[in-house]
Each structure stands twice: as C-alpha cells, then as structure tokens.
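Residue numbers (the numbering used here): 18 to 243.
Remarks on the structure that follows.
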Amino acid sequence: MLTEAQTRDLLRRADAVCFDVDSTVIREEGIDELAKFCGVGDAVTEMTRKAMGGSMSFQTALSERLSIIKCSREQVNKLITDHPPQLTPGIRELVQKLQQRGVQVFLVSGGFRCIVEHVASQLSIPLQHVYANRLKFYFNGEYAGFDESQPTAQSGGKGRVISMLKEKHGFQNILMIGDGATDLEACPPASAFIGFGGNVLRPQVKEKSSWYVSSFSELSKELDKI
C-alpha cells in the first residue's frame, strides 16, 4: 500500500480524479432517498448498509433494493425536483481547483445516472464524464429494471471504468476518492485511493486507506501547496 505522503504527491500530480457520488460528492445515498420518497426507506437502508460493508455482491444488493422500491419515472423526476441532491461542503471548490489545473474529473457511481447527471451539471462536469447505472422504464413510466450491462451495476465495476479510462485517455496518475468498499476496491487499477469520511465513516475503509480525510478542504489545501 502507498504511504500517505505518496498519495498526497499523486493527488498533486494527478491527470484524472474519479469521485464516488453517494455519501461523497453528495451528502446522502441516492437510492436510500429514492426509497424514502417511495415509502420503503427502512428496508432499503438496511440493504445499502450491507452492500457498502461488502457482505453481499453489489449487483445482488442493487437488484433487490430496486425490486422493493419499484419507482416510476415520475417519482424519480419528482424526487430530483422536490429533494435535489445536497452537495457536500467543499466539493465545488475542489472540483474547480482540479479543473483549473487541467485535471480531468469523473463521477463514477453505483447510483442512478438521472440523479448523478444533475450533480454533474451543478459541478460543471461534462455528462460524458459520468458513469452510473441506468434505470429502465416501460412506456407508461413504470419501473422496468436497470441496465445490468453497465460496469457500475456489478461488483468491481468502478475498477473496470478506471481501467477503461486509462486505456482510452492514457492517464498515468488517476485517483479514486470515495467513502465505500466499492471505491476502495477500484485501487488498483487506480493509482491511489483517498478515503472520504465527511458524511459517513466506514471503519473498514478508513483502516485500509493510505490517506483518509473528513473534509474536501484537506484535499484543496494539498493542491494549494504547489
């Protein structure tokens, strides 16, 4: 494992940074918010906890949670309008700093593309830099499942996205920043992983992170050193 000093150095030299979204870039877990909105919050929150703790495969957890929620297209749109995702303090400034340095910023999420695109637009991140799960709906707007072919729908999917980005763009130093087990697993192929505990502290992630931060200002300060 890298040392904290090596990880700090890689952040300063990064040519790409991938952020998890739920409980990292935004304060909440999108799927839990959707479940609450659809009246099945408690059952889904417990399953999210198990998925994030690594005790069941990501795809199984996602499929089971969505089969409980069965959200319509209208419900998803209403959630985004009535309860827009809350950005984590400091993320806007950090993304701006990275972009000003010419660093490519990506959102790589096990959450839903319709919600993550809303977050990306708030942060001036191009929509082609968003990798997330796609919900499927019937013509009448009822829930029809999710696109299981998306890499982010599978365990190890974030690592596959990072491998693809390295191959496509030739990135030498690509970092993953996130709060959960699926983010930690993306390194390697990510050059380094930075654990984020500003919204939720997950002990097993903190323990295995070479650098663990509780606020984005810590990362912004590191970038200011140059």
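Note that beta-carbon positions come from the ideal geometry of N, C-alpha and C, so glycine has one too.
Everything numeric in this text was worked out from a predicted model, so none of it was measured.
- Among the bridge pairs identified by DSSP, G162 is matched with K153.
- For S180, same chain residues with a beta-carbon under 7 Å away, outside a window of 5 residues either side, are P206 in chain order.
- R82 is a Cβ neighbour of V61, given a cutoff of 8 Å.
- By alpha-carbon distance to N216, the top candidate from Q76, E224 and T41 is T41.
- A contact between stretches requires three or more CB pairs, one per stretch, nearer than 8 Å, and the stretch 185–200 meets this requirement with the stretch 23–34.
- In the three-state scheme derived from DSSP, where H, G and I count as helix and E and B as strand, S237 is classed as helix.
- For L236 and K183, the gap between their C-alpha atoms comes out near 23 Å.
- Going by beta carbons, G47 and F163 fall outside the 8 Å limit.
- Pairing L140 with S126, the inter-Cα distance amounts to about 15 Å.
- DSSP places S126 in the strand class (E or B) of the three-state scheme.
- Proximity of the stretch 192–204 to the stretch 221–233 meets the contact definition, three or more beta-carbon pairs being nearer than 8 Å.
- Taking 3 residues as the shortest admissible run, the stretch 202–231 contains the following complete beta strand (DSSP E) segments, listed from N- to C-terminal end: 209–213 and 228–230.
- Between E239 and Q103, the alpha-carbon positions lie close to 24 Å from each other.
- Measuring C-alpha to C-alpha distances from I85 to each of H100, Q116, V136 and D49 identifies D49 as the nearest.
- Here DSSP, grouped into helix, strand and coil, assigns C55 to coil.
- H135 and E91 have their C-alpha atoms some 16 Å from each other.
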